[in-house]
Amino acid sequence: MSTVQERFDLIQKFIKSPGTGGKELDNSQKLQLYALFKQISEGPCKGSAPSKLKVVERAKYDAWKKLGNISKEKAQEQYIKVIESVWPKWNEKAKL
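Positions 16 to 111 (my numbering) are the ones given, in order, by the sequence shown.
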């Protein structure tokens, strides 16, 4: 059994590869993945919130801020779950 970090790394390769199964992520999934990726790569959200007039930037900030202080590993687990909800057999398609 691979570690969470190993599975996360494999999923990153999968989603960056062409032909990810033809399914599109909806906006809420994209936002969730963005926030989780930021949490994984940078840690908890810091800094002040963008203006509410900057709708996209504010939505990204709010989604990331909402994660609070969850650990990198927990964020990776959640990221994997989102991807697996869209591509349940991603590892087969990636020939892993």
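No residue lacks a Cβ here, since even glycine has one placed at the ideal position from N, Cα and C.
Note down, in chain order, each residue of its chain lying with its Cβ closer than 6 Å to the Cβ of residue i, except the 5 sequence neighbours on either side.
i: Lys-75; result: Tyr-49
In the structure shown, what three-state DSSP assignment does residue i receive?
i: Leu-48; result: helix
i: Glu-88; result: helix
i: Asp-41; result: coil
i: Trp-79; result: helix
i: Leu-25; result: helix
So, are the CB atoms of residue i and residue j less than 8 Å apart?
i: Lys-96; j: Trp-79; result: no
i: Val-19; j: Glu-88; result: yes
i: Gln-93; j: Leu-51; result: yes
i: Gln-44; j: Val-101; result: yes
Cα separation between residue i and residue j?
i: Ile-85; j: Pro-59; result: 8 Å
i: Phe-23; j: Gln-91; result: 6 Å
i: Asn-42; j: Ile-55; result: 20 Å
i: Lys-81; j: Leu-40; result: 20 Å
i: Gly-62; j: Gly-83; result: 13 Å
i: Ile-30; j: Glu-57; result: 20 Å
i: Val-71; j: Glu-21; result: 31 Å
Leaving out five residues before and five after residue i in sequence, what residues of the same chain have Cβ atoms less than 8 Å from its Cβ?
i: Arg-73; result: Ala-64, Pro-65, Ser-66 and Lys-67
i: Ser-17; result: Leu-25
Check your understanding: With contact counted as at least three CB pairs below 8 Å, one residue from each stretch, are the region 60-69 and the region 97-107 in contact?
Key -> no
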